[in-house]
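Using my numbering, the final residue of the sequence shown is 172, and nothing's skipped along the way.
The beta carbon of each residue, even a glycine, is placed where N, CA and C say it ideally should be.
Working notes, beginning with the structure itself.
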Amino acid sequence: MAVVLAMGGKSAVAQDPVIDPAGPFRLGEGFADEPATCASLPAWIEKAPDYDGRISMTITGPLRESHWDGALAYLVMCDPKGVEVTCVTYAPHVIDPAKSVMLAGGYRHVGARRVILDPCLAYDE
48 MAVVLAMGGK
58 SAVAQDPVID
68 PAGPFRLGEG
78 FADEPATCAS
88 LPAWIEKAPD
98 YDGRISMTIT
108 GPLRESHWDG
118 ALAYLVMCDP
128 KGVEVTCVTY
138 APHVIDPAKS
148 VMLAGGYRHV
158 GARRVILDPC
168 LAYDE
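Shown next, in the form of C-alpha cells:
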C-alpha cells in the first residue's frame, strides 16, 4: 500500500540548498576552497544557505581574542563593529595580529553581527 502526501504541489522531501562554490559555506562538515575574510563576511552572511541541517563555514584572518575556561576555548576573530566570529574549540591559541589563522566549523548566525562556529577547528596559515 502506497501513501502519497501532497502539500500544495510541493514535495514533502527536503532538498539540499545550493551552495556557492566560491563562498565560505559547505553542507555538512568541510572546508571551503575560498574562505571568507572579515571584510567579505558581512556580504556572505546575507547569502548563507537557509537549511535545517549542518552548514560549515571557513574564514581566515588574525585572531583578536583567545579565552580558555578549562574545558573549551573561545577564539574571536573580526571587529565587533562588523561581524564578529567566535570559534568554540578545545585549545586556546596564541594571539599574533601579524599571523593569519583559518577557522572552520558548524555555522550559526546569532543576532545581526555575530557568527558562532561550533564545533570549530583552528589552523595557523
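Out of curiosity, what's the CA-to-CA distance linking residue i and residue j?
{"i": "Gly-78", "j": "His-140", "result": "For the sequence presented, residue 78 should be read as Phe rather than Gly. Rounded to the nearest angstrom, the two C-alpha atoms are 20 Å apart."}
{"i": "Leu-88", "j": "Tyr-154", "result": "12 Å"}
{"i": "Gly-129", "j": "Gly-100", "result": "26 Å"}
{"i": "Pro-144", "j": "Pro-96", "result": "31 Å"}
{"i": "Glu-131", "j": "Glu-112", "result": "11 Å"}
{"i": "Ile-102", "j": "Glu-76", "result": "7 Å"}
{"i": "Met-48", "j": "Leu-74", "result": "Caution is warranted here: a pLDDT of 43 is assigned to Met-48, below 50, making its placement in the model unreliable, and no coordinate value can be reported."}
{"i": "Asp-67", "j": "Thr-105", "result": "13 Å"}
{"i": "Asp-80", "j": "Tyr-98", "result": "20 Å"}
{"i": "Pro-166", "j": "Glu-93", "result": "22 Å"}
Taking 8 Å as the limit between beta carbons, can you name the residues of its chain near residue i, skipping five residues before and five after?
{"i": "Val-148", "result": "Thr-107, Gly-108, Pro-109, Leu-110, Leu-122, Met-124, His-140, Ala-169, Tyr-170, Asp-171 and Glu-172"}
{"i": "Asp-126", "result": "Cys-85 and Arg-111"}
With a CB to CB cut of under 7 Å and the five nearest residues on each side skipped, what residues in its chain are close to residue i?
{"i": "Val-157", "result": "Ile-163"}
{"i": "Trp-91", "result": "Gly-70, Pro-71 and Ala-83"}
For residue i, count neighbouring Cβ atoms within 10 angstroms of its own Cβ and tell me buried if that reaches 16, exposed if not.
{"i": "Met-54", "result": "For Met-54, the predicted model reports a pLDDT of 44, less than 50, meaning its position is unreliable and no value from the coordinates is stated."}
{"i": "Gly-152", "result": "buried"}
{"i": "Val-65", "result": "exposed"}
{"i": "Ala-159", "result": "exposed"}
So, for residue i: in the same chain, excluding its five sequence neighbours on each side, which residues have a beta-carbon less than 6 Å away from its beta-carbon?
{"i": "Val-50", "result": "Caution is warranted here: a pLDDT of 42 is assigned to Val-50, below 50, making its placement in the model unreliable, and no coordinate value can be reported."}
{"i": "Ala-120", "result": "Thr-136, Ala-138 and Pro-139"}
Segments of 4+ residues assigned as alpha helix (DSSP H) that fall wholly inside the stretch 78 to 135: As far as the stretch 78 to 135 is concerned, its whole alpha helix (DSSP H) runs of at least 4 residues are 88 to 92.
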